[in-house]
Structure formats: structure tokens, C-alpha cells
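Visitor: Numbering (our numbering), first residue to last: 1 to 163.
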Amino acid sequence: MRALAKAISCVIMGTALLALLSCSEGSVGLSRFEGLEQRVNRYYQVEQSGDWEAAYSFHTPAYRQSVPKEKFVTEMKRDDTGWKLLSFKITSVREKEGKVNLKVTFVVIPPASHFQGQIPAGVKIGELEIEDESIWVRMNGEWYCYTPGTRVHLPMNAPLVYQ
């Protein structure tokens with residue numbers, strides 16, 4: 001009886017461990033795509049710092065041929081004014097039609113103007129969690145951002161150029 005209880009206990013612990021591991025950050029499946037996780041993380045770090053010139057270089061060559069760098073930088077600076085990207089986390093990965101689609105959860109602090117006057121003066125704005133899709137494509141051995149997600153306030157991140 002004692003051996004049976006111990007075996008059941010081991011099965012339960014093993015199942016719990018598998019469930020825990022399946023929820024861990026590394027389990028979303030990015031490791032299948034060599035170099036993608038580092039590239040995505042670098043891109044959002046660049047966005048977080050507001051370095052829109054560097055962010056522009058992550059977009060596909062076709063996007064960069066269609067959208068002048070100066071326009072991108074100017075529009076992104078304007079659209080990002082008052083927003084603060086606190087964190088981002090890739091929650092799922094799916095390959096579709098030669099692209100890698102990532103679900104990303106962003107934690108941001110929006111400016112009061114985002115709420116269009118619905119927030120009483122003096123009230124502090126808290127964090128918002130936004131889920132968005134980021135799509136990446138590998139070209140000539142390098143990962144490029146097809147769209148990093150618009151998160152409501154960054155329309156220049158939309159895939160303006162379709163390949």
C-alpha cells in the first residue's frame with residue numbers, strides 16, 4: 001500500500017512539474033527559430049528606449065523601401081509621446097505562410113490623453129496590459145520585423161508593405 005501511495009505521489013509530482021514547465025517563458029517554442037528570440041528582444045528594447053532610427057532598421061527591406069526613415073522616425077516619436085513600455089513577454093509562437101507569428105503581451109503606461117478626457121484631473125494612470133501580434137520573417141539569414149504590433153498608438157508599425 002505504501003509503495004502504491006509513493007508511486008501515485010511521484011506521478012502527481014511529475015504531472016505538476018510538466019505543467020509548470022509548459023508555462024515557463026522558454027516553452028513558447030522560439031528555440032526552433034535560430035536567432036529570433038534575441039532579435040525580437042533587441043527590437044523591443046530599442047522600442048522601449050525610444051530609438052526609432054534603430055527600430056526602423058529591424059523592418060523588412062520592402063518596408064524600408066516604401067517608408068522613408070525620416071517619416072517613420074518623426075511619426076513614431078509623435079505617436080509614442082507620453083507612452084511608456086514597461087515590459088513585453090512572448091506568450092506563443094506559430095509559423096504561418098513562411099512567417100513566424102508571435103503573441104506578445106506588453107505592459108504599458110499610457111498618457112492621460114489616451115483616455116480622451118475621461119480621467120479626472122489629478123488621477124494617476126496605471127499600467128495596461130495589451131496583447132498584440134508581432135510577425136517576423138527570415139530573409140538572407142537575418143530576422144526582420146514584418147510587423148511588431150501596433151499596440152493602439154503606433155500605426156507606423158502596421159505592415160504597410162505586403163510581400
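In this text, a Cβ means the ideal position worked out from N, Cα and C, and glycines have one as well. None of the values given here were measured: they were computed from a predicted structure.
1. So the candidates are Lys69, Arg94 and Ala55; which of them puts its Cα closest to the Cα of Ser31?
2. Which residues does DSSP list as the beta-bridge partners of Trp143?
3. I'd like the span of the beta strand (DSSP E) that includes Val40, first residue to last.
4. Is the beta carbon of Phe88 sitting closer than 7 Å to the one on Val104?
5. Of all Cβ atoms in chain D, is any one closer than 7 Å to the Cβ of Lys99?
6. When the Cα of Ile109 is compared with those of Ala55, Arg64 and Leu85, which residue comes out closest?
7. Going by other Cβ atoms of all chains shown within 10 Å of its Cβ, with 16 needed for buried, is Glu47 buried or exposed?
8. Leaving out five residues on either side along the sequence, give the residues of the same chain with a beta carbon under 6 Å from the beta carbon of Tyr144.
9. When DSSP builds the beta bridges, which residues end up paired with Asp132?
10. Could you work out which residue in Phe58, Ala62 and Glu53 is closest to Lys71 when comparing CA atoms only?
11. In angstroms with no decimal places, state the Cα-to-Cα distance between Thr91 and Gly29.
12. Going by other Cβ atoms of all chains shown within 10 Å of its Cβ, with 16 needed for buried, is Pro148 buried or exposed?
13. The beta strand (DSSP E) spanning Glu97 covers which residue range?
14. Name the residue from Lys77, Phe58, Asp79 and Glu133 whose alpha carbon lies nearest to the alpha carbon of Leu102.
Guide: With the structure as the only source:
1. Arg94
2. Arg138
3. No beta strand (DSSP E) holds Val40; the alpha helix (DSSP H) holding it covers Leu36 to Ser49.
4. yes
5. Of the protein chains in the structure, only one exists, and it is not chain D.
6. Leu85
7. buried
8. Thr60 and Val137
9. Val104
10. Glu53
11. 10 Å
12. buried
13. No beta strand (DSSP E) contains Glu97, which DSSP labels as neither H nor E.
14. Glu133
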